[in-house]
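For the sequence shown, the UniProt record's numbering gives the first residue as 1, with consecutive numbering after it.
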Amino acid sequence: VPGEDPYRSRDPRRCRRCAVVGNSGNLRGSGYGPEIDGHDFVMRMNQAPTVGFEGDVGGRTTHHFMYPESAKNLPANVSFVLVPFKTLDLLWIASALSTGQIRFTYAPVKPFLRVDKEKVQIYNPAFFKYIHDRWTEHHGRYPSTGMLVLFFALHVCDEVNVFGFGADSRGNWHHYWENNRYAGEFRKTGVHDADFEAHIIDMLAKTSKIEVYRGN
1 VPGEDPYRSR
11 DPRRCRRCAV
21 VGNSGNLRGS
31 GYGPEIDGHD
41 FVMRMNQAPT
51 VGFEGDVGGR
61 TTHHFMYPES
71 AKNLPANVSF
81 VLVPFKTLDL
91 LWIASALSTG
101 QIRFTYAPVK
111 PFLRVDKEKV
121 QIYNPAFFKY
131 IHDRWTEHHG
141 RYPSTGMLVL
151 FFALHVCDEV
161 NVFGFGADSR
171 GNWHHYWENN
181 RYAGEFRKTG
191 VHDADFEAHI
201 IDMLAKTSKI
211 EVYRGN
């Protein structure tokens with residue numbers, strides 16, 4: 001955990017613009033890449049590949065939010081933000097940065113993680129609970145990673161622009177790197193309530209708390 005507050009503005013007169021980039025297939029063909037890369041913070045989550053998709057999703061990342069089962073190695077200039085859905089996740093991050101003892105949770109996980117140790121952060125479980133209680137209102141087993149990242153951004157940014165959330169223009173739920181438009185299983189798992197989360201995003205957009213880029 002950094003010794004100083006990494007989110008304290010160095011210049012209070014400056015507006016901190018943040019892009020929250022989801023993984024929806026509606027980013028394909030959007031051309032949003034340059035717009036996304038122009039933000040101060042670019043926040044991505046889980047797999048979120050950028051190579052080969054730069055024109056639509058951008059190439060910059062400042063913060064990458066992951067849980068153990070979705071974790072991947074990151075460049076030294078990117079902050080790794082662990083989203084702990086269970087106590088074992090906290091043990092895993094300590095292991096992944098040292099001994100590599102933990103190799104399995106409910107699924108195989110990376111025993112070692114190559115990230116900048118000075119940029120490792122942990123999503124506060126109390127803030128996680130606040131979102132589950134006050135915003136998603138216990139719809140679904142817990143909030144999606146995307147919802148957690150969105151509220152993180154709302155608390156550290158002056159302007160929040162949202163990309164790659166929701167279905168594409170045909171109503172399909174899939175990831176932008178998947179060629180099969182019907183591959184998305186997000187709404188069928190019961191773990192997250194995609195419809196209720198979409199309602200929250202619409203409400204935030206209508207009250208000008210965020211701007212949503214709908215894509216294709």
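Even for Gly, the Cβ is constructed at its ideal location relative to N, Cα and C.
Open item on the list: If the criterion is Cβ atoms closer than 8 Å, does the pair V109 and W92 meet it?
Closed with: For V109 and W92, yes; Cβs fall inside 8 Å.
Open item on the list: Taking a contact to mean a Cβ-Cβ separation below 8 Å, would you say G100 touches P111 in this structure?
Closed with: Contact flag set, yes.
TODO: Taking all protein chains shown into account, decide if Y106 is buried (16 or more other Cβ within 10 angstroms of its Cβ) or exposed.
DONE: Exposed, since its Cβ has fewer than 16 Cβ neighbours within 10 Å.
TODO: With DSSP as the reference, label F53 as helix, strand or coil.
DONE: Of the three classes helix, strand and coil, the one that applies to F53 here is coil, per DSSP.
- [ ] Grab the span of the alpha helix (DSSP H) containing S95 for me, first residue to last.
- [x] Note, S95: alpha helix (DSSP H), 87–96.
Task: Spatial distance of L207 from I201 (CA atoms) - done: Checking the sequence, you will find Thr at residue 207 rather than Leu. Their backbone Cα atoms lie some 10 Å apart in a straight line.
Task: Residue of S70, K129, V78, A76 minimising C-alpha distance to D89 - done: It is S70.
Task: Burial state of M203 (16 or more Cβ within 10 Å) - done: The residue in question, M203, is exposed, as its Cβ has fewer than 16 Cβ neighbours within 10 Å.
- [ ] Measure the C-alpha to C-alpha separation of L150 and A198 and round it to an integer number of angstroms.
- [x] If I take the Cα positions, the gap works out to 12 Å.
- [ ] State the DSSP-derived secondary structure class of N26, mapped to helix, strand or coil.
- [x] In the three-state scheme derived from DSSP, where H, G and I count as helix and E and B as strand, N26 is classed as helix.
- [ ] Would you mind sorting G38 into buried or exposed? The rule is 16 or more other CB atoms within 10 Å of its CB.
- [x] Flag for G38 reads exposed.
Open item on the list: With H, G and I counted as helix, E and B as strand and the rest as coil, what does DSSP make of V149?
Closed with: V149: helix per DSSP, three-state reduction.
Task: Proximity below 8 Å, CB of R8 to CB of D158 - done: Going by C-beta atoms, R8 is not nearer than 8 Å to D158.
Task: Rounded C-alpha distance that separates R28 from N172 - done: Approximately 12 Å between the Cα atoms of the pair.
TODO: Determine the DSSP secondary structure at A198, reduced to helix, strand or coil.
DONE: Helix at A198.
Open item on the list: If the criterion is Cβ atoms closer than 8 Å, does the pair Y123 and V162 meet it?
Closed with: Contact: no.
Task: Whole alpha helix (DSSP H) elements within the stretch 64–139, 4-residue minimum - done: Here the runs fully enclosed are 87–96, 125–134.
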